[in-house]
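What follows is a single structure, written as structure tokens, with notes after it.
Protein chains: 2
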Amino acid sequence: MTEQKKAVVLVSGGLDSVTALAMAQAEGFDCYALSVDYGQRHHSELDAAKRVTSAAGVTLKVLPLDLRTIGGSALTDDIEVPEEETSGIPVTYVPARNTILLSLALAYAEVLGADDIFIGVNAVDYSGYPDCRPEFIEAYQAMARLATKAGVEGGEITVHTPLIDLTKAEIVQRGIALGVDYSMTVSCYQADGEGRACGVCDSCRIRRDGFAAAGVPDPTPYQ
Amino acid sequence: MTEQKKAVVLVSGGLDSVTALAMAQAEGFDCYALSVDYGQRHHSELDAAKRVTSAAGVTLKVLPLDLRTIGGSALTDDIEVPEEETSGIPVTYVPARNTILLSLALAYAEVLGADDIFIGVNAVDYSGYPDCRPEFIEAYQAMARLATKAGVEGGEITVHTPLIDLTKAEIVQRGIALGVDYSMTVSCYQADGEGRACGVCDSCRIRRDGFAAAGVPDPTPYQ
């Protein structure tokens, strides 16, 4: 029996990351989930991350990193989350968020001796964030291969983005096929303490449309 | 009068970062210092960062990020710091440290609207860390230019490494010329509560040799 390859999976507790986790497991990786508690308003996402990883039998590490010290986003600051579609990069963008998340995942991968990192970014039904684009991920991987002991010793870090080319509907379909229970996930930018979604923010809108387009009943608990 | 360009400077409180700060100021940048409290043993480095930035008239932001959650280094874990020269990457290497520090600096730069980041990495008298090499910095900058709003809107992040090609003696000489008071800095991996250096760790050895080679009296308070 060959040993399972380890992978670090960034799990926020939202629909995308939970699907990415299920896909990483389906590919045969021994998964280690990492959540970053960056002072996000939708703290119930972290509770979702705990439920989901527990159901998947995966160890979850939660790293506190209070990005409110830095500020600059409606998700961490006292800026109103918009309830209508906006153009350009929205105020919910967290500065350099994926760069930071991937860097923490890289550190964890190095400690575990893992060469693989999964992140559920998506360049189709996304909110216009610069750090969700394929060219960003490629540049990140090139940098990561030089950043670590593994890079010096000839190892190969791979940043997997299994959702990057999928529509939200396709993501939902893949997840359902892999047995993901989406009622456990929280995507809303302003979910309440019980993890119930507002139904009107950008993230809720994209998610609801995804279930509709996939022809799957929306299991999201709304407020 | 043209407005001063803003720059984020990563300041640990050690000899190198403090010199980098002085060089950034000498280049005319309006500097914003960022220290990361990553649970390092030598906490007195942070006290040094406070003293030094205060003396330089620069705002210091200290971001708590407890990397002990991830582990894997003698600087954050309960691993003995070696007191003799070792070959290869030493146990004092913090996994993905500069990748993480630069990512936090990138977020801060984005919030400030700054295009410039300074980091005092050095590829000459260094300890063999992969993330101090010029090829890493180049790859990081390429990634950073794609990671942010500025990248989408055509901005240009520059990662400045003014020390990268200097010997420790040259760094000391530049700093002295710019009026840096090195007695305020702490480089030791296991400094005591008052910031006094052990004199025997890798970092102390490199620093002491630097003052000697520069022909400058070593102002370091030793235990």
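Chain order of the listed sequences is V and A.
Heads up, our numbering is the position in the first sequence plus 10, with the first residue counted as 1.
Heads up, our numbering is the position in the second sequence plus 10, with the first residue counted as 1.
Glycine is no exception: its CB is placed at the ideal position from the N, C-alpha and C atoms.
* Asked: Of all the options A:24, A:34, A:30, A:27, which has the alpha carbon lying nearest to the alpha carbon of residue 14 (chain A)?
  -> The alpha carbon of residue 14 (chain A) has as its nearest neighbour, out of A:24, A:34, A:30, A:27, the alpha carbon of A:34.
* Asked: With 8 Å set as the bound, which would you pick, yes or no: does the beta-carbon of residue 17 (chain A) sit closer than that to a beta-carbon of chain V?
  -> Not one chain V Cβ lies under 8 Å of residue 17 (chain A).
* Exposure label - residue 229 (chain A); buried when at least 16 CB within 10 Å -> An exposed status is given to residue 229 (chain A), since fewer than 16 other beta-carbon atoms sit within 10 Å of its beta-carbon.
* **For residue 195 (chain A), the first and last residue of its enclosing beta strand (DSSP E)** => Where residue 195 (chain A) is concerned, there is no enclosing beta strand (DSSP E), because DSSP gives it neither an H nor an E.
* Can you tell me whether DSSP reads residue 11 (chain V) as helix, strand or coil? -> Only weak support exists for where residue 11 (chain V) lies, its pLDDT of 49 falling under 50; the value from the coordinates is given anyway. It is coil, neither helix nor strand.
* Asked: DSSP three-state call for residue 106 (chain V): helix, strand or coil?
  -> In this structure, residue 106 (chain V) counts as coil in the three-state DSSP scheme.
* **Burial state of residue 29 (chain V) (16 or more Cβ within 10 Å)** => Buried, by the Cβ-count rule.
* To do: Could you name each continuous beta strand (DSSP E) segment of 3 residues or more that falls completely within the segment 20–74 of chain V, going from the start of the chain to the end?
  => The beta strand (DSSP E) runs lying completely inside the segment 20–74 of chain V and spanning 3 residues or more are 40–47, 69–74, given in chain order.
* Skipping 5 residues on each side, what residues in its chain have a beta carbon closer than 6 Å to that of residue 158 (chain A)? -> Excluding positions up to five away in sequence, the list reads 120.
* **residue 63 (chain A) versus residue 217 (chain V) - alpha carbon distance** => Roughly 46 Å separates the two Cα atoms.
* Proximal residues of chain V, C-beta to C-beta of residue 235 (chain A) below 7 Å -> Chain A is shown from 11 up to 233; residue 235 (chain A) falls before or after that span and cannot be answered.
* Asked: Do you know offhand how far residue 202 (chain V)'s Cα is from residue 196 (chain V)'s?
  -> Their backbone Cα atoms lie some 10 Å apart in a straight line.
* Asked: Quick one: is residue 106 (chain V) near chain A, going by C-beta distance under 8 Å?
  -> By the rule that beta-carbons nearer than 8 Å mark a contact, residue 106 (chain V) touches chain A.
* Do residue 130 (chain A) and residue 173 (chain A) come within 8 Å of each other at the CB atom, strictly closer than that value? -> Their beta carbons are under 8 Å apart, which means residue 173 (chain A) touches residue 130 (chain A) by this criterion.
* Asked: Any idea if residue 151 (chain V) is buried or exposed, counting beta-carbon neighbours within 10 angstroms, 16 or more meaning buried?
  -> The residue in question, residue 151 (chain V), is buried, as its Cβ has 16 or more Cβ neighbours within 10 Å.
* How would you label residue 113 (chain V), buried or exposed, when you count the other beta carbons within 10 angstroms and need 16 or more for buried? -> Its Cβ being crowded by 16 or more others within 10 Å, residue 113 (chain V) is buried.
* Quick one: grab the DSSP three-state call for residue 168 (chain V). => Here residue 168 (chain V) carries a strand assignment [DSSP, helix/strand/coil].
* To do: Assuming residue 59 (chain V) and residue 22 (chain V) form a contact by the criterion Cβ under 8 Å, report the distance between their Cβ atoms to the nearest whole angstrom.
  => Sure, about 6 Å apart at Cβ, within 8 Å.
* Residue(s) in a DSSP beta bridge with residue 159 (chain A) -> Looking at the DSSP output, residue 159 (chain A) bridges to nothing.
* **residue 17 (chain V) (DSSP reduced to helix, strand or coil)** => Correct three-state label for residue 17 (chain V): strand.
* To do: Just tell me which of A:79, A:78, A:80, A:61 has its CA closest to the CA of residue 72 (chain A).
  => It is A:61 whose Cα lies nearest to the Cα of residue 72 (chain A).
* To do: Check the Cβ-Cβ distances between residue 113 (chain V) and every residue of chain A, and say whether any is below 8 Å.
  => With respect to chain A, the C-beta atom of residue 113 (chain V) has a partner C-beta closer than 8 Å.
* CB contact flag (residue 68 (chain V), residue 31 (chain V), <8 Å) -> Residue 68 (chain V) places its beta carbon less than 8 Å from that of residue 31 (chain V).
* To do: Return no unless some Cβ of chain V is closer than 8 Å to the Cβ of residue 5 (chain A).
  => In the structure as shown, chain A starts at 11 and stops at 233, and residue 5 (chain A) therefore has no counterpart that could be examined.
* Asked: Residue range of the beta strand (DSSP E) that residue 126 (chain V) falls in?
  -> Start and end: 126–128.
* Asked: Excluding five sequence neighbours on each side, which residues of the same chain lie with their C-beta closer than 6 Å to the C-beta of residue 19 (chain V)?
  -> Only residues of its own chain outside the window of five on either side were considered, and among them 31, 34, 41, 43, 128 have a CB closer than 6 Å to the CB of residue 19 (chain V), listed in chain order.
* Note down, in chain order, each residue of its chain lying with its Cβ closer than 7 Å to the Cβ of residue 213 (chain V), except the 5 sequence neighbours on either side. => Same-chain partners within the cutoff: 197, 198, 199.
* Show which residues of chain A have a CB atom less than 9 Å away from the CB atom of residue 110 (chain V). => Simply 110, 113, 114, 116, 117.
* Asked: For chain A, is any of its Cβ atoms less than 8 Å away from the one on residue 76 (chain V)?
  -> True, the Cβ-Cβ gap to chain A drops below 8 Å.
* To do: Please work out which residues of its chain come closer than 7 Å, Cβ to Cβ, to residue 194 (chain A), disregarding the five sequence neighbours upstream and downstream, and give them in chain order.
  => The beta carbon of residue 194 (chain A) is closer than 7 Å to those of 58, 61, 62, 65 in its chain, skipping five residues each way along the sequence.
* Taking the DSSP output, what are the residues bridged to residue 207 (chain A)? -> Within the DSSP secondary-structure output, residue 207 (chain A) pairs in a beta bridge with A:232.
* Asked: residue 60 (chain V) CB to nearest chain C CB: under 8 Å?
  -> The chain labelled as chain C is not found among the protein chains of the depicted structure, namely V and A.
* Mind checking residue 205 (chain A): buried by the 16 CB within 10 Å criterion, or exposed? -> Counting the other Cβ atoms within 10 Å of the Cβ of residue 205 (chain A) gives 16 or more, which makes it buried.
* Asked: Quick one: Cα of residue 190 (chain A) to Cα of residue 231 (chain A), how far?
  -> When rounded, the distance between both Cα atoms is 16 Å.
* To do: Please check if any C-beta of chain A sits within less than 8 Å of the C-beta of residue 187 (chain V).
  => With respect to chain A, the C-beta atom of residue 187 (chain V) has no partner C-beta closer than 8 Å.
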